Each structure stands twice: as structure tokens, then as C-alpha cells.
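Step one of this worksheet: look at the structure below.
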Amino acid sequence: MNEIASQLAAFASQSNAWPFEEAKKLVARVERTGQKQVLFETGYGPSGLPHIGTFGEVARTTMVRHAFETLTEGRIATRLLAFSDDLDGLRKVPENIPNKELVGAHLGKPLTQVPDPFGEYPSFGEHNNARLRAFLDAFGFDYEFASATQYYQSGRFDATLLKMLARYDAIQEIMLPSLRAERAASYAPFLPIHPRTGHVMQVPLDEIDVARGLVAWRDAETGERFETPVTGGHCKLQWKPDWAMRWCALGVDYEMAGKDLIDSVKLSSEIARALDGAPPEGFNYELFLDENGQKISKSKGNGLTIDEWLRYASPESLAFFMYWKPREAKRLYFDVIPKAVDEYLAFLDAYPRQDWKLRLGNPAWHIHAGDPPPPEFIHHGADAKGAAISFGMLLNLAAVANSEDPAVLWGFLRRYAPEATPEKFPRLDRMIHYAVVYFRDFVRPKKVYRAADEVEREALEQLSTALAALPPGPSAEDVQTLLYDVARPIPRYQNFAAKGATPEKPGVSNDWFAMLYQILLGEARGPRFGSFVALYGVDNTRALIADALAGKFLAAAPV
RNA sequence: GAGCGCGUAGCUCAGCCGGUAGAGCAUCUGACUUUUAAUCAGAGGGUCCUGGGUUCGAGUCCCAGCGCGCUCACCA
Numbered sequence: 035m036n037e038i039a040s041q042l043a044a045f046a047s048q049s050n051a052w053p054f055e056e057a058k059k060l061v062a063r064v065e066r067t068g069q070k071q072v073l074f075e076t077g078y079g080p081s082g083l084p085h086i087g088t089f090g091e092v093a094r095t096t097m098v099r100h101a102f103e104t105l106t107e108g109r110i111a112t113r114l115l116a117f118s119d120d121l122d123g124l125r126k127v128p129e130n131i132p133n134k135e136l137v138g139a140h141l142g143k144p145l146t147q148v149p150d151p152f153g154e155y156p157s158f159g160e161h162n163n164a165r166l167r168a169f170l171d172a173f174g175f176d177y178e179f180a181s182a183t184q185y186y187q188s189g190r191f192d193a194t195l196l197k198m199l200a201r202y203d204a205i206q207e208i209m210l211p212s213l214r215a216e217r218a219a220s221y222a223p224f225l226p227i228h229p230r231t232g233h234v235m236q237v238p239l240d241e242i243d244v245a246r247g248l249v250a251w252r253d254a255e256t257g258e259r260f261e262t263p264v265t266g267g268h269c270k271l272q273w274k275p276d277w278a279m280r281w282c283a284l285g286v287d288y289e290m291a292g293k294d295l296i297d298s299v300k301l302s303s304e305i306a307r308a309l310d311g312a313p314p315e316g317f318n319y320e321l322f323l324d325e326n327g328q329k330i331s332k333s334k335g336n337g338l339t340i341d342e343w344l345r346y347a348s349p350e351s352l353a354f355f356m357y358w359k360p361r362e363a364k365r366l367y368f369d370v371i372p373k374a375v376d377e378y379l380a381f382l383d384a385y386p387r388q389d390w391k392l393r394l395g396n397p398a399w400h401i402h403a404g405d406p407p408p409p410e411f412i413h414h415g416a417d418a419k420g421a422a423i424s425f426g427m428l429l430n431l432a433a434v435a436n437s438e439d440p441a442v443l444w445g446f447l448r449r450y451a452p453e454a455t456p457e458k459f460p461r462l463d464r465m466i467h468y469a470v471v472y473f474r475d476f477v478r479p480k481k482v483y484r485a486a487d488e489v490e491r492e493a494l495e496q497l498s499t500a501l502a503a504l505p506p507g508p509s510a511e512d513v514q515t516l517l518y519d520v521a522r523p524i525p526r527y528q529n530f531a532a533k534g535a536t537p538e539k540p541g542v543s544n545d546w547f548a549m550l551y552q553i554l555l556g557e558a559r560g561p562r563f564g565s566f567v568a569l570y571g572v573d574n575t576r577a578l579i580a581d582a583l584a585g586k587f588l589a590a591a592p593v
């Protein structure tokens, strides 16, 4: 279409960034089949709320989709289908919902037949679907939502379902060897929905009637025999056949899955081929691990939730985490957040000075659909180049400033770079807000305060008194001078080796400042104390001293 | 049992299409001493898990092995 797009496509075809590698598989598929559009799918079991893996799958699929569009210069239409398996039977009452008894009374029914415990939607399934959509919308993902219940009932799957019935034996031949003997004895790909109880039935099938398009089965409790059409939403499929049927019926070209599903993908692919379909392209990403290296699962509730990540860092940093090394097992826990943020920023900073080859391999390109925002460099003194402030540095700053107030952090930053303001550096400002929250939750609890001995106690009391005597709004230099004047007469802190020190006017040793940090801030090192007091405030500092001397920090500290 | 991944400096890791082994932290030395975080200069430190192969050349590619981790084999 235009010069730039085709140049970009040429670079993209050279790139070995994983989204391009994935997209190239799709390009080959399109060239093979001559198809004019490509369908991406991500699937969910809506028995719970969307979790961080859901985000990861959609984010990564979206990156592949964009890579594909770049490679094909937008000539092939793409769609992303977010498919909710809401005809699935409810197996267990989730822990984190109200009205558990209400839901519990409907165990076994499709999720779209279970009442909404939150009372907001016609069914629990629809409630969770709405949550899923709100979640995806919040991130601005481009997708189409699909409900299994609607698709089944609309007859959209009927032709494929009938074909499946006709190929029943072939499918059983694929499935049964993968099952244990006792399960294989009763396994059937079709799960009739009980016409009276509404339950999704896992029962052996008495009869497969291809001509009439139905299966016959018996209610184990009553012994009653039923004949159920496989079409029109009267039968659900077991999930592996269901996956295969969906691929075939909808023409899914791409779907990724975790490595725990490798065997399942294989089986479903075989089934798809038994239905004369072509299984989608796709790849297996590694699982996320919790702090102990265990697989993260919804039921266990371990690891990190999306909300938790977003409390401490931006959605973009989470997208970066999803981009980065999808084939390596990564711990997904609080302590990986600062590093993810800083690596994301480093790539953002590098982007403008990179050539296109490097840009296409830069995570920022994939995270921002080819259009990353400019970096925010702040300038220090004569340093014309400037530098980005890292999250790690902000955490360090928050720790030494011992402050949850973004304004205090901004104060320190402005001393470093006077031009810096929240208005000029909105991303930095947001990051500062994240940093103070991270500091509050993870850094401050680890601070180690020590008690003041008699000399220190007296010195701190003198300091407090001297601070009180300062005129209002002292400058950092005033406070700094005061600090030296208070310490100078105290033998412990005298340093005659200091530059400019005389017997009459001794220098002050570092021990004085070290003591302030350890007792007042719980840190081994700290900010220039005069600046700290000027920013933090004289009254606040005096309160800090009083609290420290009263032993408040010691009581709060872990033993 | 099968599958996936990992093994590089004391620690955490980077190393792209094969071309003289890198970063951060830590350590050491020095600068600075009204100093102390975001400083500065420099240094030491590696059998790139092992053994083969391909190659003019392998941390990188291939094969085999060793070690470690995870996942799957009931349900989704």
C-alpha cells in the first residue's frame, strides 16, 4: 500500500522476535490455503474471575496479531475471538463469592443456567463474562466476545457436531488411549444436558444415531432412558473434543496455550484432523511460577493477581513481563515488579535511537502496537543527554526519605534536576505514586531500626530542641549547618582528621549521620539530612525523633 | 514414564544471524571529607555443566550424557 509499510514488512520478515516468528507461521498458512482472513482465539473457563494468565494470553496473542498485520501490510483481515466456555457445567462452588448456597444448589448445570450470586446478571456465567469483557476493555484490547452457550444454541456448531457424531469411533480411538482404564470405560465426547435437571451429564452413551443426529443414554439414578440431539445446545462436548470442534467450526488459525496443555493440544489437533479440519498454529508458553516456584493456579490463589501488579506498576510493565521470554518459566511475584518496570523503561528509552531492525525486536514496539511513547529524560546540571529515573532508584529514594508522600520524592528529584515537574513528566509522576505504594507494602516493613543509647538519646533531644528554635521554613543549608553545630561538641562525633578541622573547631564524623539513619529511618544510609529535614518538615522531623526515642519503631519492627 | 525449560563472574543475569566473554550488585584500590542515595575513576574475578560433531572459527548450531526445575498422565 505504501512505501513505509512495505519496508517495515521487509524488516519484520528478518526479525526473529518471537511474535514475528509466530506470525510467520501464519503467513505460511495463509500462503498455503489462500485464505483472506485469519482468526485468533483465546479461550476461558468462566467459572472464576479473569486472572493474570488471561491477561497474558490476550496480550501475547495481540502481539502476534499485530506482528502478522505488519508482515502482511494489513492485506489480510484479522479477528481475535475471546471465547468463553460458559456452557460448561459448574463443578464446584468458588470460594470468593457471596450466596454460596444459592450457587451450590445448581451444581452440575451450565454456568449460564446458574443464578448470579452477585444478583447483577441473569446468570453466573453472564456475570463472569461481563467481568471478563470489562477487564479486557480496561486494557483496550481489540477482540470479539463469544459465548459457548449462544454459539451452541444458535446452531452455529451443528454441522460440525453432526460430523463429529459421524466420526464418533475415530474420536474415541484418539481419546481413549489417553485415559485410564476406569475413565475410558465410561468416556464419551458428548455430554447430554439432562432435559429435566438441566445438568451436564457425564454418562456412557448407549447408542450413537448418526442418521437422526442424536445420542441415547440412561440416567444412572432413575434408570430412565433419554435420546438427546447433539445439535442446538442439547449436548455439550468434553473439552478436548470441544476445542477441536470449535477450531473446525469457526476456522481458528491461531491459539496459544500453556505448556501444561501440550498433550491436550496434541489430542485436540488429532481430533480436528479427524474432522477434516486443520488445527490452528500456536505455541506453548511457559507457566508462571509463584514465589516458591510452583505453578500459579486460580484454585490455589497463589502467585500474583493483576490487581496486585497494577497496584505497584503500570499495565505496560505487566505487558512487558508477558512479552519477555514467554518460553522460560518465570516467577510472578511482587519482587519481580521493579525489575520488569526498569527493563521496560530501558527498552522505551533505547527505542528512539535504534534502527528498525532493533526496534522490531524491542519489546516496546510490540507492547505499544508499533508506536511506543517517547522516553522521559530528566537532565542533571550540564548533562545534556539526560537520563531516565528508574523505579529502583525511586524505591531507594522512598526508602531513605521514609516517605509515602509523592511530593517529598519530587522534592528530592527536583534538587537533582530543577526542571523536573509532574506536569512535564507524567509517566515519572505515575511511577512515583507506584513507588511509594511499593515502598509502604514491601520496603518499609523490612526496615531495621535500632535503639538509641544514652549519648544518642541526649544528642537527638538536643537536635530536636535546636530544630524548634530555627526560623520557620529553614533552607536545607541552614539545617545542615545546624546538624554540624549540634554534633560538634559531642566527643563521640568529633573528627579531628576532617578537612579544615582545628582543635577548636573539630569536624563531624560520619557516625553522626549514620546514627540518624539507623535510629530515625531504619536505614544504613540515607539522604543528605539537611535536605531531608527541609523537605520533610521541621515539625515532622521532631515528631520522628520523638517517636524514635519513645521506641515506637522498635516495637513495630519484627523481632 | 513423557513433555517443556534451565546450567555463563561470589550473587542476579545479558549475550541477536557463529567472529577477541559482558552488565548490575558485591569485593578491593583511589578521588571526595560541612560528608551521607541517585557520585566519579580504576582493579581483581570465568574450564561459558561434561564429552563428541559441524566449521577457518562454537557460550551460540547438531548429537549424546550429567545436574536442576517445572508440567502432564482425573477435570478444565
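Quick note on our numbering: the first sequence kicks off at 35 and runs consecutively.
Don't be surprised by glycine CBs; every beta carbon is placed ideally from N, CA and C.
As the structure is a prediction and not an experimental result, all values here were calculated from the model.
Check                                                                                                                                                                                                      : Outcome
Less than 6 angstroms between the CB of residue 159 and some heavy atom of the ligand FAD, yes or no?                                                                                                      : Within the structure as shown, the ligand FAD is missing, as the structure has no ligands at all.
Drop a sphere of 10 angstroms on the beta-carbon of residue 505, count the other beta-carbons inside from all chains shown, and report buried for 16 or more, exposed for fewer.                           : exposed
Would you mind listing the beta strand (DSSP E) stretches within the region 69–118 that are 3+ residues and don't spill past its ends, in chain order?                                                     : 71–78 and 111–118
May I have the straight-line CA-CA distance separating residue 466 from residue 443, to the nearest angstrom?                                                                                              : 7 angstroms
According to DSSP, is residue 173 helix, strand or coil?                                                                                                                                                   : coil
With residue 368 as the anchor, note down where its beta strand (DSSP E) starts and where it stops.                                                                                                        : First-last for residue 368: undefined, no H or E at that position.
Mapping DSSP to helix, strand and coil, what is residue 41?                                                                                                                                                : helix
Which same chain residues, not among the five before or five after residue 88, have their C-beta less than 7 angstroms away from its C-beta?                                                               : 78
Any chance the region 427–437 sits against the region 309–318, with 3 or more Cβ pairs inside 8 angstroms?                                                                                                 : no
How far does the beta strand (DSSP E) with residue 270 in it reach, from first residue to last?                                                                                                            : 269–271
Using the Cα positions of residue 121 and residue 278, report the straight-line distance between them to the nearest angstrom.                                                                             : 16 angstroms
Please go through the same chain and pick out, in chain order, the residues whose beta-carbon is closer than 7 angstroms to the beta-carbon of residue 393, but skip the five residues on each side of it. : 385 and 399
What's the C-alpha gap between residue 411 and residue 345?                                                                                                                                                : 24 angstroms
Can you tell me the Cα-Cα spacing of residue 190 and residue 471, whole angstroms?                                                                                                                         : 49 angstroms
Rounded to the nearest angstrom, what separates residue 553 and residue 582 at their Cα positions?                                                                                                         : 7 angstroms
Only counting runs of 4 or more residues, tell me where the alpha helix (DSSP H) segments fall wholly within the region 260–348, in order along the chain.                                                 : 273–284, 296–308 and 340–346
Taking the C-alpha atoms as reference points, what is the distance between residue 112 and residue 406?                                                                                                    : 22 angstroms
Looking only at its own chain, which residues have a Cβ that is under 6 angstroms from the Cβ of residue 183, when we skip the five neighbours before and after it?                                        : 120, 121 and 146
Are residue 395 and residue 483 close, meaning C-beta to C-beta below 7 angstroms?                                                                                                                         : no
Name the DSSP bridge partner or partners of residue 225?                                                                                                                                                   : 270
Would you call the region 53–63 and the region 132–139 in contact, with 3 or more CB pairs under 8 angstroms?                                                                                              : no
According to the Cβ coordinates, are residue 133 and residue 151 closer than 7 angstroms?                                                                                                                  : yes
Please return the same chain residues whose Cβ sits closer than 8 angstroms to the Cβ of residue 591, not counting the five positions on each side in sequence.                                            : No answer about residue 591 holds up, because its pLDDT of 46 lies below 50 and its placement is not dependable.
Exposed or buried, what is residue 515 when buried is set at 16 or more other beta-carbons lying within 10 Å of its beta-carbon?                                                                           : exposed
With DSSP as the reference, label residue 144 as helix, strand or coil.                                                                                                                                    : strand
How about residue 177 and residue 116: do their beta carbons lie closer than 7 angstroms?                                                                                                                  : yes
Any idea what DSSP makes of residue 571, helix, strand or coil?                                                                                                                                            : coil
Can you say whether residue 205 is buried or exposed, counting buried as having 16 or more other CB atoms within 10 angstroms of its CB?                                                                   : buried
May I ask you to list the residues that DSSP assigns as paired with residue 180?                                                                                                                           : 117
Assign residue 24 to one of two classes, buried (16 or more other C-beta atoms within 10 Å of its C-beta) or exposed (fewer than that).                                                                    : The structure shown does not extend to residue 24, since the chain is modelled only from 35 through 593, so no value can be given for it.
For residue 252, which three-state DSSP category applies?                                                                                                                                                  : strand
Secondary structure at residue 206, three-state DSSP: helix, strand or coil?                                                                                                                               : helix
Name the one or two DSSP bridge partners that residue 487 has.                                                                                                                                             : None, per the DSSP bridge assignment.
List the endpoints of the continuous alpha helix (DSSP H) containing residue 192.                                                                                                                          : 192–200
Suppose the cutoff is 6 angstroms on Cβ atoms and the five residues either side in sequence are ignored; what does the same chain contact list for residue 37 look like?                                   : none
Figure out for me which residue from 579, 200, 185 and 172 has the closest Cα to the Cα of residue 495.                                                                                                    : 579
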